[in-house]
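This report refers to the structure that appears directly beneath it.
Numbering (our numbering), first residue to last: -14 to 404.
What follows is the structure, given as structure tokens:
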């Protein structure tokens, strides 16, 4: 089987966006990488993966474009002969199944060219108009910029036309998501309310049992970009000098509308971009994880923290999971500075309550280890292939060994895990 992964970003520093006004290494890119890695590490699965960027990207070697070592069929813009050549290159690949990382209007170029190829839309962050309004309220403290960088509103209601085209052409188009309650946003975001199926994340587990730091430590994992509101971490660190704050991530913008660290509190440690076991080690030593974003769906960083037995304090509720495995402090628009008291109270309460942290952390760790695994991902892909009429012999063998049947609707899938 040949799988085409359609995305606008790939979590690879060797791949950058032509338009650098938009961040290029976010959760969508990380999901694309995890999906590709799931097949690359085991060639016996019989899946060849190819990257299909939905927008123009720069590759380190234009003669051999690759992301995470996977060959890409890049789109470099243009019309006429260049567009025709790109369409021909896509068709020549002989793709059996498309996996789109959420839906974006720029994906239509691929979806319309391969208009009969079965596709799975992996719903990641369905932003409703209300979500976009909250994002639009964002401002950087003490900044003259009228609008922070990286906030461009995207209208995804065009997905309904893709659903209509697929219906008319009898192309299987399946929607799947990692968390059931994200389905509540479907109609407002995409203009359709299709049946949803399960496709979980693949969350790496730490190589060893986490060892918590002797000193109260709070970890922040995310880009140092305005939408994440990293300035709130600095403000909280100034209020809580006895706590160490470790910030893992880097900024992707500069100039007006960007945020850059200045007057760094002495109890803040900036690590830059961190990967792999080192990232899991830092998350594992932390007593708590902190999310200060103005918007999230289900942040991968949240799941990574739970895998390391670290509860989350956040100003966004991720489909009910923050309250279940941490502390939701409430939503605070704009700069978020009005929420500092609420953030501080939640942090102090949990930092002072070892038993609560252990209970929340272990419950979250067990849930992630049970739900967001490579085996669960591959089993779900096998079910979705069956749903879409795509032949994947090794996937059928997996289902036969597990005694699985069909592709369960998300309304019932994981019912015992998420409620």
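Think of the CB as a built atom: it goes at the ideal place given N, C-alpha and C, for glycine as much as any other residue.
All values derive from a computational prediction rather than experimental measurement.
Between the beta-carbon of residue 36 and the beta-carbon of residue 57, is there less than 8 angstroms? Cβ distance < 8 angstroms, so residue 36 and residue 57 count as in contact.
Between the stretch 309 to 324 and the stretch 277 to 291, do at least 3 Cβ pairs fall closer than 8 angstroms? yes
Rounding to the nearest angstrom, what Cα-Cα distance links residue 370 and residue 343 in this structure? 39 angstroms
With a threshold of 8 angstroms between beta carbons, is residue 201 in contact with chain B? Of the chains in the structure shown, none is chain B; there is only one protein chain.
Taking the alpha carbon of residue 0 as the point to measure from, which residue in 15, -12 and -11 has its own alpha carbon closest? 15
To the nearest angstrom, how far is it from the Cα of residue 194 to the Cα of residue 293? One C-alpha to the other measures close to 8 angstroms.
Going by C-alpha to C-alpha distance, which of 32, 127 and 71 sits closest to residue 81? 32
From 137, 62 and -8, pick the residue whose C-alpha is nearest to that of residue 120; which is it? 137
Looking only at its own chain, which residues have a Cβ that is under 6 angstroms from the Cβ of residue 265, when we skip the five neighbours before and after it? Residues 191 and 293 of the same chain have their beta carbon placed closer than 6 angstroms to that of residue 265, with the five preceding and five following residues left out of the count.
Option nearest residue 219 by Cα separation, candidates 62, 350 and 325: If you compare the alpha carbons of 62, 350 and 325 with that of residue 219, the shortest gap goes to 325.
Nonlocal neighbours in the same chain, by C-beta distance under 6 angstroms from residue 215, ignoring five residues either side: Same-chain partners within the cutoff: 209.
Compute the distance between the beta-carbons of residue 298 and residue 328, then report whether it is under 8 angstroms. yes
For the stretch 245 to 302, which segments carrying the alpha helix (DSSP H) assignment without a break, of at least 4 residues, lie completely within its bounds, in sequence order? 261 to 270 and 285 to 292
Tell me, please, which residues DSSP counts as bridged to residue 36. -10 and 57
Start-end ranges of the beta strand (DSSP E) lying completely within the stretch 302 to 342, minimum 3 residues: 311 to 313
Are residue 111 and residue 365 close, meaning C-beta to C-beta below 8 angstroms? With respect to the 8 angstroms criterion, residue 111 and residue 365 are not classified as neighbours on the basis of their beta carbons.
Please go through the stretch 53 to 97 and give each complete alpha helix (DSSP H) segment of 4 or more residues, from N-terminal end onward. 66 to 77
Just curious, the alpha helix (DSSP H) that residue 174 is in, first and last residue? Where residue 174 is concerned, the enclosing alpha helix (DSSP H) stretches over 171 to 175.
Check whether the stretch 121 to 134 touches the stretch 72 to 86, counting contact only when three or more Cβ pairs, one atom from each stretch, lie closer than 8 angstroms. no
Relative to the alpha-carbon of residue 178, which residue among 62, 206, 224 and 108 has its alpha-carbon at the smallest distance? 108
Just the C-alpha distance for residue 349 and residue 224, rounded to the nearest angstrom, thanks. So the alpha carbons of these two residues sit roughly 28 angstroms apart.
Using three-state DSSP, classify residue 181 as helix, strand or coil. Secondary structure of residue 181 (DSSP, three-state): strand.
Let me know the secondary structure DSSP gives residue 108 once reduced to three states. Here DSSP, grouped into helix, strand and coil, assigns residue 108 to strand.
Under 8 angstroms between C-beta atoms of residue 211 and residue 133: yes
Along the chain, where does the alpha helix (DSSP H) that runs through residue 204 open and close? Segment 202 to 206 is the beta strand (DSSP E) holding residue 204; no alpha helix (DSSP H) there.
Looking at residue 168 and residue 174, is the spacing between their C-beta atoms short of 8 angstroms? no
Using three-state DSSP, classify residue 355 as helix, strand or coil. In the displayed model, residue 355 falls within a helix according to three-state DSSP.
Going straight from the alpha carbon of residue 95 to that of residue 39, what length do you get? 7 angstroms
Drop a sphere of 10 angstroms on the beta-carbon of residue 64, count the other beta-carbons inside from all chains shown, and report buried for 16 or more, exposed for fewer. exposed
Taking residue 20 as the reference, give the member of 378, 188, 203 and 116 with the closest Cα. 188
Spatial neighbours of residue 104 in its chain, beta-carbon cut-off 6 angstroms, leaving aside the 5 residues before and after: 83 and 158
Inter-residue Cα distance where the pair is residue 170 and residue 142: 12 angstroms
Beta-carbon separation of residue 41 and residue 88 under 8 angstroms? no
Which of the three DSSP states, helix, strand or coil, is assigned to residue 43? strand
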